[in-house]
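Q: Before anything else, here's the structure in question.
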Amino acid sequence: MRPVILDGHNDLALRVFLEHETVHIDLRRARELAFDGGFFALSAIGPPPDRPTAVPYALPLDDPIPFEQAVADVEGQLAALEGLDVSIALRVEDIRPGRVNAIVHFEGAEAIAPDLSNLEDWFERGLRSLGIVWSRPNAFGEGVPFRFPSSPDTGSGLTGQGRDLVRACNDLGVMIDVAHLNEAGFWDVAALTQVPIVATHSNAHAICPTTRNLTDRQLDAIGASGGVVGINFAAMFLREDGLSGTDVPLETIVRHIDYVASRIGVEHVAFGSDFEGCEVPDELGGAAGLPLLVEALRAAGHDDESLALITHRNWLRVLGSTWLSSTR
Ligand code: ZN
141 MRPVILDGHN DLALRVFLEH ETVHIDLRRA RELAFDGGFF ALSAIGPPPD
191 RPTAVPYALP LDDPIPFEQA VADVEGQLAA LEGLDVSIAL RVEDIRPGRV
241 NAIVHFEGAE AIAPDLSNLE DWFERGLRSL GIVWSRPNAF GEGVPFRFPS
291 SPDTGSGLTG QGRDLVRACN DLGVMIDVAH LNEAGFWDVA ALTQVPIVAT
341 HSNAHAICPT TRNLTDRQLD AIGASGGVVG INFAAMFLRE DGLSGTDVPL
391 ETIVRHIDYV ASRIGVEHVA FGSDFEGCEV PDELGGAAGL PLLVEALRAA
441 GHDDESLALI THRNWLRVLG STWLSSTR
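Going by the numbering used here, the first residue of the sequence shown is number 141, and it counts up by one from there.
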């Protein structure tokens, strides 16, 4: 049977906007590959981050992006996304198998005014998921710098505006994403939010101790909230040694999925590929390798029920409890 695959994170819109060649997602083949879409990130654009070539590494935190520039970047990427052969999902009922469903996600809230005066406008234009920060500081909080090995406890938590943003997103029914957020910010979100905690593209820190991955305590909090962790396919966040070489077996992705599933339950783990924004294992290659990953999970003991949860039902459940929690 054809699997249904919803994914927690891709940067296709950014790549198309920048007129860079796509490397992981070929929308013309999506149907045949069972890639049914998921979260499509729109980002404020800074200089490309350095890629570490040795461990340990400790890259500096990226510089802030001005609001006006961020609005222009995100508007350009939204137009690029709307020009693709995708269906933008505004309600859970809009998400249907057999087509590429696109959930509009901001990776960093730089395009949202610090007084939140344009948040509802973005909601009207399709915003349904928000990472408060990328790996840089902004008006709302501070992301993690890229470091290995390191705890994600790298700086201060949400600002007052960041706390207001979490409350406003809860009220509007916009999902909050804690990927890229530092640990203090994570606990601020956990204390404030009224809905399940979600990390769209992060892995197990116990296996790969980078700042970008989640500690056992963080995983436990996500599980207790009914949330989901989308497992990131970036080699550098999968590998135990923290290096970025892509000679990584598919089993390493399975290992992160199984670690999260055994610690907090298979209802709390999903895919968060980071396609078009990272270097993935050679064996996966891109969306074309998703059926192979599903088979690797099956070989590791996941039955149809477990595979359905990991590939799409967990995402649909958290969206259902987040989007429908809207008071509007
Ligand atoms: Zn990211």
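Note that the Cβ used here is the ideal one computed from N, Cα and C, for glycine as well.
Considering only DSSP beta bridges, list what P277 is partnered with.
A: Taking the first residue of the sequence shown as 1, we reach residue 277 at position 137. Note: P277 sits in a beta bridge opposite E282.
Q: Secondary structure at N241, three-state DSSP: helix, strand or coil?
A: As a working note, residue 241 is residue 101 in the sequence shown. N241: strand per DSSP, three-state reduction.
Q: Could you check which residue in A346, T351 and P200 has the C-alpha nearest to that of L321?
A: Counting from 1 along the sequence shown, the entry for residue 321 is found at position 181. Comparing Cα-Cα distances from L321 to each of A346, T351 and P200, the minimum goes to T351.
Q: Which of the three DSSP states, helix, strand or coil, is assigned to D414?
A: Position 274 of the sequence shown, counted from the start, is the residue given in the question as residue 414. The answer is coil: DSSP assigns D414 none of H, G, I, E or B.
Q: Where do the N-terminal and C-terminal ends of the beta strand (DSSP E) with L475 fall, by residue?
A: Residue 475 lies beyond the residue range present for the chain, which begins at 141 and ends at 468; the question has no answer from this structure.
Q: Three or more beta-carbon pairs under 8 Å between the region 442-450 and the region 189-203, yes or no?
A: no
Q: When you compare the CB positions of V314 and S365, do they come within less than 8 Å of one another, or not?
A: Position 174 of the sequence shown, counted from the first residue, corresponds to residue 314. Position 225 of the sequence shown, counted from the first residue, corresponds to residue 365. The answer is no: Cβ separation not under 8 Å.
Q: Examine the Cβ distances between the region 333-348 and the region 421-428 and report whether three or more of them are shorter than 8 Å.
A: no
Q: Any chance you could list the alpha helix (DSSP H) runs of at least 4 consecutive residues sitting entirely within the region 309-333, in chain order?
A: 323-332
Q: Does the distance between the C-beta of G417 and the nearest non-hydrogen atom of the ligand ZN fall short of 7 Å?
A: Mapped onto the sequence shown, residue 417 falls at position 277. Indeed, a heavy atom of the ligand ZN lies less than 7 Å from the Cβ.
Q: Comparing C-alpha positions only, which one of N278, G283 and L158 sits nearest to P204?
A: Start at 1 with the first residue of the sequence shown, and residue 204 comes out as number 64. When only C-alpha atoms are compared, the closest one is N278.
Q: Specify, as a first and last residue, the run of the beta strand (DSSP E) that V368 falls within.
A: The residue you call residue 368 lines up with position 228 of the sequence shown. Where V368 is concerned, the enclosing beta strand (DSSP E) stretches over V368 to I371.
Q: Scan the region 204-275 and note each continuous alpha helix (DSSP H) run of 4 residues or more that stays entirely inside, going in chain order.
A: 207-222 and 259-264
Q: In three-state DSSP terms, what is S402?
A: Within the sequence shown, numbered from 1, the residue matching residue 402 stands at position 262. Looking at S402 - three-state DSSP - the assignment turns out to be helix.
Q: Give every residue of the same chain whose Cβ lies closer than 6 Å to the Cβ of I185, excluding the five residues on either side of it in the sequence, and list them in chain order.
A: Position 45 of the sequence shown, counting from 1, holds the residue named residue 185. Around I185: D213.
Q: Quick one: does the C-beta of A319 sit closer than 7 Å to a heavy atom of the ligand GDP?
A: With respect to small molecules bound, the structure shown includes the ligand ZN and not the ligand GDP.
Q: State the CB to CB distance for the pair D147 and F377, rounded to an integer number of angstroms; the pair is presumed to be in contact (CB under 8 Å).
A: In the sequence shown, the residue the question calls residue 147 occupies position 7. In the sequence shown, the residue the question calls residue 377 occupies position 237. Their Cβ separation, rounded to whole angstroms, is 15 Å, which puts D147 and F377 out of contact at 8 Å.
Q: Going by C-alpha to C-alpha distance, which of R236, V329, S290 and E247 sits closest to G300?
A: Here residue 300 corresponds to residue number 160 of the sequence shown, with the count starting at 1. Minimum Cα distance to G300 is reached at V329.
Q: Just reading off the alpha helix (DSSP H) that G460 is part of, what are its end residues?
A: Your numbering for residue 460 matches position 320 in the sequence shown. Its alpha helix (DSSP H) spans residues N454 to W463.
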